[in-house]
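Contents: one structure, followed by commentary.
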Amino acid sequence: MSVVVEELTKVYGSQKAVDGISFKADKGEVLGFLGPNGAGKSTTMKILTCFIPQTSGKASVCGYDVEADSLEVRKRIGYLPEHNPLYKELYVREYLEFIARLHRLAKPRQRIDEMIEMTGLEREQRKHIGELSKGYRQRVGLAQAMLHNPDVLILDEPTSGLDPNQLVEIRQLIKNLGREKTVIFSTHIMQEVQALCDRVIIINRGRIVADDPIDQLSNRVRGEVVITVEFAGPVAAKSLQGIPQVRKVEEAGHNRWRLYTDSGHDIRKDVFGFAVSNKLVLLEMHREEFSVEGIFQQLTKN
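Residue numbers (the numbering used here): 9 to 310.
Spelled out as structure tokens, the structure:
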């Protein structure tokens with residue numbers, strides 16, 4: 009495994025930012041690391057990249073312990089932190105040359121050219137970093153993270169500040185990198201998770217509440233079915249509550265309702281019968297599928 013985390017804990021005073029989490033990530037995997045603000049995502053990433061020590065537990069990257077072999081770990085990790093730290097007074101190419109010297113690259117110019125092309129910085133490479141938009145600064149951060157061709161990429165909110173066109177390009181770049189490297193990234197954009205991830209870890213209050221392949225994540229909240237209905241005219245919530253197996257009724261707009269029932273009950277026939285018996289025109293009825301966003305909200309609402 010490229011990344012192995014075992015019972016990792018980080019305590020600040022009386023607060024557990026990370027509470028005994030364990031997971032593994034392998035080469036060729038794009039792992040989405042999700043959680044609400046303050047859940048422990050960035051803390052975990054900082055431990056993995058040797059920026060801060062853990063309180064207890066273990067973590068290793070490519071077989072090297074993050075405490076005992078931190079220099080070896082850093083050689084094998086590319087890291088883009090949430091707040092992208094850049095030397096704004098340097099030119100883009102000058103900054104990448106500086107990073108290349110830190111990594112002692114054998115052919116720095118060739119590699120810098122590759123990264124500039126890969127991240128779409130050709131027209132910006134001779135500008136001061138301070139003159140760039142936030143989106144282009146993110147591209148510079150991605151270029152420096154990938155410059156030394158690391159085995160593992162850890163990206164904290166990598167698409168922050170990108171416009172829609174840039175989003176498509178960088179998402180494709182991350183997907184391509186995930187075929188040959190281990191990519192762990194955090195994001196609040198749920199469409200990215202669905203578009204990019206092979207697997208998702210959701211962390212809440214320092215603990216992992218889900219660790220599943222993206223296509224199996226919905227099993228975490230199986231047990232509730234939601235039917236959305238829309239009528240041509242007004243309907244009382246109390247009368248909808250009388251439909252067999254309806255557990256909860258929630259208004260969803262003008263003459264629109266969400267009907268909640270337990271898994272195993274298909275109430276659509278009963279809803280149709282309700283409409284017929286009450287001489288109501290049913291404009292719409294569909295069963296909602298849980299999105300990653302819906303699952304995220306279900307698992308982190310407490």
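Beta carbons: idealized from backbone N, C-alpha and C, even for Gly. Note that the coordinates shown come from a computational prediction; the quantities given were computed from them, not determined experimentally.
Quick check: the Cα distance between R131 and V289, rounded to an integer number of angstroms? In a straight line, the C-alpha of R131 is about 58 Å away from that of V289.
Could you tell me which uninterrupted beta strand (DSSP E) segments, each at least 3 residues in length, are contained entirely in the stretch 163-209, listed from first to last along the chain? Counting whole runs of 3 or more residues, the stretch 163-209 contains the beta strand (DSSP E) stretches 190-194.
Per DSSP, H136 is paired with what? Partner(s): Y99.
Span of the alpha helix (DSSP H) holding E301? V300 to T308 is the extent of the alpha helix (DSSP H) around E301.
Applying the 10 Å Cβ sphere with the 16-neighbour rule, what's the burial state of N212? Buried, since its Cβ has 16 or more Cβ neighbours within 10 Å.
The alpha helix (DSSP H) enclosing D223, as first and last residue numbers: Run containing D223: none; DSSP gives neither H nor E here.
Might you give, ordered along the chain, the residues of its own chain that have their beta carbon closer than 8 Å to the beta carbon of I251, omitting 5 neighbours on each side? So the list reads L267, I275, D278, V279 and F282, once near-sequence residues are dropped.
Exposed or buried, what is G43 when buried is set at 16 or more other beta-carbons lying within 10 Å of its beta-carbon? The residue is buried, with at least 16 neighbouring Cβ atoms inside 10 Å.
Per-residue burial, L291 [other beta carbons within 10 Å of its own, 16 or more giving buried]: If you draw a 10 Å sphere on the C-beta of L291, you find fewer than 16 other C-beta atoms in it, and that means exposed.
Are the CB atoms of P166 and I182 nearer to each other than 9 Å? Between P166 and I182, the CB-CB gap stays under 9 Å.
Same chain only: Cβ atoms within 6 Å of G40, ignoring 5 sequence neighbours per side: The residues are V201, C205 and V208.
Name the one or two DSSP bridge partners that E259 has. Answer by DSSP bridge pairing, in chain order: W265.
Three-way DSSP call (helix, strand, coil) for R276 in this model: In this structure, R276 counts as helix in the three-state DSSP scheme.
Please classify F106: is it buried, with 16 or more other beta-carbons within 10 angstroms of its beta-carbon, or exposed? F106 is exposed by the Cβ-count criterion.
Tell me whether G149 sits in a helix, a strand or coil according to DSSP, three-state version. Helix.
Which residue from L161, R187 and R119 puts its Cα closest to that of K83? When the alpha-carbon of K83 is set against those of L161, R187 and R119, the nearest one is in L161.
Distance between V191 and L155 (C-alpha atoms, nearest Å): Cα atoms of L155 and V191: separation of roughly 15 Å, rounded to the nearest angstrom.
Would you kindly work out how many angstroms separate the C-alpha atoms of A393 and L307, rounded to a whole number? Residue 393 falls outside the range modelled here, since the chain spans only 9 to 310, and no answer is possible.
Is the beta carbon of K49 closer than 9 Å to that of D164? Pairing D164 with K49 gives a Cβ-Cβ distance under 9 Å.
Compare the Cα-Cα distances from C70 to each of E80, S64 and T63 and report the closest residue. The shortest C-alpha to C-alpha distance from C70 to any of E80, S64 and T63 is the one to E80.
Measure from the alpha carbon of H294 to the alpha carbon of each residue in M53, F193, F239 and R119, then state which is nearest. Among M53, F193, F239 and R119, the Cα nearest to that of H294 is on F239.
Does the Cβ of K189 have 16 or more other Cβ atoms within 10 Å, making it buried, or fewer, making it exposed? Looking at its Cβ environment, which holds 16 or more other Cβ atoms inside 10 Å, K189 is buried.
May I ask you to report which of helix, strand or coil DSSP gives R119? Here R119 sits in helix by DSSP.
Just list the residues that DSSP pairs H294 with in beta bridges. For H294, the beta-bridge partners assigned by DSSP are T236.
What separation, rounded to the nearest whole angstrom, lies between the Cα atoms of S141 and K66? Computed Cα separation, rounded: 39 Å.
Do Q152 and Y103 have their C-beta atoms within less than 9 Å of each other? Yes, the pair counts as a contact, with Cβ atoms nearer than the cut-off.
Within the stretch 28-69, note down every full beta strand (DSSP E) run reaching 3 residues or more, in order along the chain. Runs of the beta strand (DSSP E) spanning 3 or more residues and lying entirely within the stretch 28-69 occur at 37-42 and 64-69, in chain order.
Between which two residues does the alpha helix (DSSP H) carrying L248 extend? If you look at L248, you'll find it in the alpha helix (DSSP H) that goes A245 to Q249.
Give every residue of the same chain whose Cβ lies closer than 7 Å to the Cβ of E296, excluding the five residues on either side of it in the sequence, and list them in chain order. For E296, where only same-chain residues beyond five positions count, the Cβ hits under 7 Å are V234 and T236.
Contact defined as beta carbons within less than 8 Å: I believe V38 pairs with L56. What is the distance between those atoms, to the nearest angstrom? V38 to L56, Cβ: 16 Å. No contact.
Please state if the CB of L150 and the CB of T127 are separated by a distance shorter than 9 Å. Taking 9 Å as the Cβ cut-off, T127 and L150 qualify as a contacting pair.
To which residues does DSSP link E14 through a beta bridge? Looking at the DSSP output, E14 sits in a beta bridge with K66.
Proximity winner among H136, C58, K256 and L129, relative to I178 (alpha-carbon distances): Checking every option, the nearest Cα to that of I178 belongs to L129.
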